[in-house]
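Visitor: Let me give you the structure first, and then I'll get to my questions.
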Amino acid sequence: MSWRDFWNGEHAIYVSERHKALHYRRIAQDIAAAVPDKDAAVLDVGCGEALSADLVAAASGKLILCEAAPTVRDKLKARFGTLANLSVVSPEEVEALPDGSLDLVVANSLIQYLSDVELKRALATWLAKLKPGGELILADVIPPDLSPLTDASELLGFAWRGGFFIAALGGLVRTLFSDYRKLRAQCGLSTYSAVGLTALVKAAGFEGVTRRSNFGHNPHRMAFSARRPLTVPDLVLDEGANS
């Protein structure tokens, strides 16, 4: 089983429907707050079920939801099919988007499921699709020293505030025996130091890589902002011409 297979099937990553709804609402609010203006073209990569994506669409000129799992894409299309400025695409369809057409690309809780090669390929794609000066936000990045106990503590705090504390306690116990835990042990999760990820994003051609507040309920995970340069350095152009 791969991570894509996991998300494409039935899973219990959320401890209750209330947990899922509050999670997606918080993420949507955070993304909407990052949208630069009402006319902005926004790509949300690895969006999941995105239950509150209408909040982001309302803050944007165009919202593109990208999801790898076909069953999740079907749910998104059924839920948001009436929103004229929202579309749902696969990762392969992102490749077909016009270069230089996006103002903001968001990848929240995504890169931990990508290999090093996959991340480098994704960064190249996102750089190409962003307008000059457009922003990339990588959020919910897991640092190497983050303890599972810290993640659990943050979930319980979120659950206490959100009114699903008992469900969260039960969910943490179920996780010990879940496919998620087995798959995490089998496939692993990619972790990044702040210095390491900054260097990786810069090497992909982005500039102005900085830490920013994380999306969602867990402040112990990291988020980064970076931008496509307004102009491409001559050296890069020369290298491309000679390759």
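For what it's worth, our numbering labels the leading residue of the sequence shown as 758, then goes sequentially.
All residues carry an ideal CB built from backbone N, CA and C; glycine is no exception.
This one's a predicted model, so the numbers in the text were calculated from it and none came from an experiment.
1. How many Å lie between Ala785 and Thr932 at the Cα?
2. Expressed to the nearest angstrom, what Euclidean distance is found between the alpha-carbon atoms of Leu893 and Ala909?
3. Between Ala925, Trp883, Val958, which lies nearest to Val799 when the distance is taken from Cα to Cα?
4. Inspect the CB distances between the segment 858-876 and the segment 788-795 and report whether three or more fall short of 8 Å.
5. For Ala789, does the three-state DSSP call read helix, strand or coil?
6. Using only the alpha-carbon positions, how far apart do Leu843 and Ala810 sit?
7. Let's see if you can read the secondary structure: which residues bound the beta strand (DSSP E) around Pro889?
8. Evaluate Gly920 with the Cβ neighbour count: other Cβ atoms within 10 Å of its Cβ, from every protein chain shown; 16 or more gives buried, anything less gives exposed.
9. To the nearest angstrom, how far is it from the Cα of Pro889 to the Cα of Arg984?
10. If you run the structure through DSSP and keep just helix, strand and coil, what is Thr839?
11. Is it true that the CB of Ser773 sits closer than 8 Å to the CB of Gln869?
12. With distance defined between alpha-carbon atoms, name the residue in Gly973, Glu850, Pro986, Ser982 nearest to Ala778.
Guide: On the basis of the coordinates in this document:
1. What you label residue 785 is simply residue 28 of the sequence shown in a count that begins at 1. What you label residue 932 is simply residue 175 of the sequence shown in a count that begins at 1. Spanning the two alpha carbons is a distance of roughly 25 Å.
2. Translated into the one-based positions of the sequence shown, residue 893 becomes position 136. Translated into the one-based positions of the sequence shown, residue 909 becomes position 152. Between Leu893 and Ala909, the C-alpha separation is close to 28 Å.
3. Translated into positions along the sequence shown, residue 799 becomes position 42. Val799 has its Cα closest to that of Trp883, out of Ala925, Trp883, Val958.
4. yes
5. On the sequence shown, residue 789 is found 32 positions in, with the first residue counted as 1. Three-state DSSP puts Ala789 in a helix.
6. For this step, residue 843 is matched to residue 86 along the sequence shown. For this step, residue 810 is matched to residue 53 along the sequence shown. When rounded, the distance between both Cα atoms is 9 Å.
7. As a working mapping, residue 889 is identified with position 132 in the sequence shown. Start and end: 887-898.
8. As a position in the sequence shown, residue 920 is number 163, starting the count at 1. Burial call: exposed.
9. To locate residue 889, count along the sequence shown from 1; it is residue 132. To locate residue 984, count along the sequence shown from 1; it is residue 227. If I take the Cα positions, the gap works out to 8 Å.
10. Mapped onto the sequence shown, residue 839 falls at position 82. In this structure, Thr839 counts as coil in the three-state DSSP scheme.
11. Walking along the sequence shown from the start, residue 869 turns up at place 112. Walking along the sequence shown from the start, residue 773 turns up at place 16. Their beta carbons are not under 8 Å apart, which means Gln869 does not touch Ser773 by this criterion.
12. Counted from its first residue, the sequence shown places residue 778 at position 21. Checking every option, the nearest Cα to that of Ala778 belongs to Gly973.
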